């Protein structure tokens, strides 16, 4: 999504300015062209050389610098930008932008650009909560500026409160989300499930599995970045909440079934990456079961067959985690549940599958064609799966 996109990254005079180095690094790694503009105050916290070393691009610090390639036509950056990201943004810069003041290169660029502008504030809690700052933020939001944060937490002053710079991931993800507009899943509604459901035995124990949810979250983020409106229905995971994705958290297979049944009413595709427990205890103990006997017998019953039961005019994609007869078992599941695609992975492999960041899968379509993918990061696997979904949607 960021390949060959021009991101103008504005840095202002906040103690959080050092975090912008990591933002520039991640954007550059994603193959974006990162053009950095630093206010004079920002150079007191971090050097222009840091950003030049990371981005490989000249850094603008002075609107009237004669050696700058942007010194004569200071609007050239504004015209080149696909998106402008100000991270961190101080109360001072927010106030100037709200008033239309253009007395430095960053404010000039924002005033002259037609590209979307993302602002990630960072400041003292009293400054952030001041009615003037809140008025300025509301004014910019009304004009279409996109705000990320701030977060609540410990500030440079030692106080706790609103004004802390958000996680770097949120800035990068929001940038991708803004740039996704007009991509191949734009206007599509995609429902993704993730994680392993938990079927309670008593108040502290459950039947579960080793699913981390990483594949489902990768699919949700990839679909988001390709323009889709994404509903992620997730069992409990340790993963951060995806930016720009509607998240519904569930625990049990029954809860996931109900959430999916409601969500698919408007879906163009359902991608069931969750590892749903096949069985649950027939009886739930209301109190903790004590260790009083040498053995314990649990009677189990089948959980709802989500993929098999839900139906409608949408693409259905399932996953088959198998320990033997990978292709044969996956094809049986594909036809039994009337799927459009099934993604099969070998759970005995140590370098792919549960709990790791990579996967080696076989994508099988309803006509029996099998596409074997090499070991790839799960995000790349997600995009390869979505390529197939896009092809199927185009035929509908």
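In my numbering, the protein residues as written are 866 to 1261. All residues carry an ideal CB built from backbone N, CA and C; glycine is no exception. Note that this is a predicted model, so its numbers are computed, not measured.
query: Contacts around residue 868, its chain only, beta-carbon distance under 6 angstroms, and the 5 residues preceding and following it disregarded; result: 896
query: Residue 949 and residue 924 closer than 7 angstroms at C-beta; result: no
query: Environment of residue 1015 [buried if 16+ CB atoms lie within 10 Å]; result: buried
query: Residues sharing a beta bridge with residue 875, DSSP; result: 902, 951
query: Beta-carbon contacts of residue 1251 that lie in its chain and below 8 angstroms, excluding the five residues immediately before and after; result: 1050, 1084, 1087, 1088, 1091
query: Where the beta strand (DSSP E) containing residue 1111 begins and where it ends; result: 1111–1114
query: 4-residue-minimum alpha helix (DSSP H) runs that sit fully inside the region 1142–1183, ordered along the chain; result: 1171–1174
query: Integer-rounded CB distance, given that residue 977 should sit under 8 angstroms from residue 1004; result: Between residue 977 and residue 1004 the Cβ distance is about 19 angstroms, and since that is not below 8 angstroms, they are no contact.
query: Exposed unless 16 or more other CB atoms sit within 10 angstroms - verdict on residue 1176; result: exposed
query: Residue 1133 (DSSP reduced to helix, strand or coil); result: coil
query: Under the three-state DSSP convention, the category residue 1188 falls into; result: coil
query: Residues near residue 1242 by beta carbon distance below 7 angstroms, same chain, minus five either side; result: 1222, 1223
query: Separation of residue 1152 from residue 1261, as counted between CA atoms; result: 51 angstroms
query: Option in 988, 981, 985, 943 with minimal Cα separation from residue 967; result: 943
query: Residue 998 versus residue 1109 - alpha carbon distance; result: 25 angstroms
query: Top-ranked residue by Cα proximity to residue 888, from 1040, 1195, 1139; result: 1040
query: Contact under 7 angstroms by Cβ, residue 1169 with residue 1138; result: no
query: CB of residue 877 within 7 angstroms of CB of residue 985, strictly; result: no
query: Straight-line Cα distance separating residue 951 from residue 960; result: 13 angstroms
query: Complete runs of the beta strand (DSSP E) confined to the region 1042–1106 [at least 3 residues]; result: 1054–1059, 1094–1099
query: DSSP three-state assignment for residue 1231, whether helix, strand or coil; result: coil
query: Near the ligand FMN: residue 1200 beta-carbon under 6 angstroms from a heavy atom; result: This structure does not include the ligand FMN; it has no bound ligands of any sort.
query: Residues near residue 1207 by beta carbon distance below 8 angstroms, same chain, minus five either side; result: 1182, 1183, 1184, 1185, 1195, 1196, 1198, 1199, 1228, 1229
query: Assigned secondary structure, residue 914 (DSSP; H/G/I helix, E/B strand, else coil); result: helix
query: Selection from 1055, 900, 1236, 1173 that minimises the alpha carbon distance to residue 1095; result: 1055
query: Start and end residues, alpha helix (DSSP H) containing residue 958; result: 956–964
query: Distance, residue 1105 Cα to residue 1161 Cα; result: 36 angstroms
query: Residues bridged to residue 945 (per DSSP); result: The partner list for residue 945 (beta bridge, DSSP) is empty, contrary to what the question assumes.
query: Member of 1180, 1203, 1214, 1172 whose CA lies at the smallest distance from the CA of residue 1189; result: 1214
query: Per-residue burial, residue 1038 [other beta carbons within 10 Å of its own, 16 or more giving buried]; result: buried
query: Outcome for residue 970 when other beta-carbon atoms lying within 10 angstroms are tallied against a minimum of 16; result: buried
query: Residue 996 burial status per 10 Å Cβ neighbour count (16 or more: buried); result: exposed
query: Straight-line gap, residue 1031 to residue 1205 (C-alpha atoms, nearest Å); result: 39 angstroms
query: Assigned secondary structure, residue 1225 (DSSP; H/G/I helix, E/B strand, else coil); result: coil
query: Euclidean distance between Cα positions of residue 1070 and residue 1145; result: 12 angstroms
query: Spatially closest choice to residue 983 from 965, 1043, 1024, 972, by CA coordinates; result: 1043
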